[in-house]
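Colleague:
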Amino acid sequence: MFATLKEDINTVYAKDPAAQSTLEILFCYPGLHALWMHRVAHFLWQHRLHFWARLVSHINRFLTDIEIHPGATIGSRFFIDHGAGIVIGETAEVGDDVLMYQGAALAGTSLKKEKRHPTIGNNVVIGAGAVVLGAITVSDGVKIGAGSVVVKSVSPGATVVGVPGKVVEDRHATTIDLEHGKLPDPIAEVIKSLLNKQDNFEERLGRMEFLYGPIAPLDVLDENRLEETSGFTHGEGI
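Each residue of the sequence shown is one higher than the one before, starting from 201 at the first, in the working numbering.
#1: Looking at the unbroken alpha helix (DSSP H) that takes in Ile266, where does it start and where does it end?
#2: Does the stretch 249-264 come within contact of the stretch 309-327, defined as at least 3 CB pairs closer than 8 Å?
#3: Would you check if the distance between the CB atom of Val212 and the CB atom of Leu232 is smaller than 8 Å?
#4: Would Ile286 pass as a contact of Gln302 if the rule is Cβ separation under 8 Å?
#5: Taking contact to mean 3 or more Cβ pairs, one atom from each stretch, closer than 8 Å, check whether the stretch 218-230 and the stretch 242-255 are in contact.
#6: Please report the Cβ distance between Gly289 and Leu306, rounded to the nearest whole angstrom; I am assuming they are in contact, meaning their Cβ atoms lie under 8 Å.
#7: Look at the alpha carbon of Pro270 and the alpha carbon of Arg316, and state the distance between them as a whole number of angstroms.
#8: Tell me the DSSP secondary structure of Asp297 in three-state form.
#9: Helix, strand or coil, according to DSSP, for Asp216 in the structure here?
#10: Just curious, the beta strand (DSSP E) that Thr359 is in, first and last residue?
#11: Exposed or buried, which one is Gly365 when buried takes at least 16 other CB atoms within 10 Å?
#12: Alpha carbons only, please: which of Val324, Ala346 and Arg277 is nearest the one belonging to Leu235?
#13: Using DSSP with H/G/I as helix, E/B as strand and the rest coil, what is Asp208?
#14: Smallest Cα separation from Pro217: which of Val294, Val349, His282 and Thr359?
#15: Does the Cβ of His258 have 16 or more other Cβ atoms within 10 Å, making it buried, or fewer, making it exposed?
#16: In chain order, what residues of the same chain have a beta carbon less than 6 Å from the beta carbon of Ile268, not counting five sequence neighbours either side?
#17: Residues in its own chain within less than 6 Å of Lys397 by CB, not counting five upstream and five downstream?
#18: In whole angstroms, give me the CA-to-CA distance for Ala346 and Thr319.
#19: Can you name, in chain order, every residue of its own chain whose Cβ lies under 6 Å from the Cβ of Thr359, other than the five neighbours on each side?
#20: Would you identify the three-state DSSP class for Glu290, choosing helix, strand or coil?
#21: How would you label Asn323, buried or exposed, when you count the other beta carbons within 10 angstroms and need 16 or more for buried?
#22: Straight-line CA distance for Val439 to Ala272?
#23: Could you check what DSSP says for Phe202 in three-state terms: helix, strand or coil?
#24: Rounded to the nearest angstrom, how far is the Cβ of Val298 from that of Gly275, given a contact under 8 Å?
#25: What does a CB cutoff of less than 7 Å around Lys352 pick up in its chain, not counting 5 residues either side in sequence?
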């Protein structure tokens, strides 16, 4: 038991650079408190004391703003950073060394009494506000960007962003860092491609007008378009 508590504290030190002292971790980390209370609830659930397990889970939610169903299975060195609004469903399975940020959810998509929540592998990072839906598998080393909605299984080492989630990078090196500001945006990439094609057509049309007819002046709408889309043409995200 004490070895597990020590491991939990060391996990906070390893995954949160803001942690200053063991005393602070023990008293000021609701993600850690939620994990400890979940272990109690999960023990009760496994021994078929379902009401008491749900009651402990409910108190856990009231105190930490983190909802973990007592039936969920969570591995070692699991860390919830900030934690407010996190939801983990009954049949969810979470591997070792997983990091979840605030507002993320492992949610179900079925009303049947069956496996309906995600299975999360080892060394997975789930960004703030991300939602993983259904009985899918998120393999080892996956990184899920903030606000993404993942509805299909993800292969090992991939980085997923967007709604619905799309794989934007596929590598097998496992890290816990997730630089949200550096993640590619697939929607922005599509818009940039369309704008580039439109610019090409306009350039060709301009050459034709120069050779065969009067050049149409750049109207106000074109000026507004150039101003509003400058972010895409200069490689910036939405």
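Every residue, glycine too, gets a C-beta built ideally from N, C-alpha and C.
Predicted model, so just to flag it, every value in this text is computed and none were measured.
Modeller: According to the structure data:
#1: Where Ile266 is concerned, there is no enclosing alpha helix (DSSP H), given that its DSSP letter is neither H nor E.
#2: no
#3: yes
#4: yes
#5: no
#6: 6 Å
#7: 15 Å
#8: coil
#9: coil
#10: Per DSSP, the continuous beta strand (DSSP E) segment holding Thr359 begins and ends at Ala358 to Val361.
#11: buried
#12: Arg277
#13: helix
#14: His282
#15: exposed
#16: His238 and Ile288
#17: Nothing meets the Cβ criterion.
#18: 19 Å
#19: Lys343, Val368 and Glu369
#20: coil
#21: buried
#22: Past the boundaries of the shown model lies residue 439; the chain is included only from 201 to 438, so the question cannot be answered.
#23: The answer is helix: DSSP assigns Phe202 an H, G or I state.
#24: 7 Å
#25: Ile336
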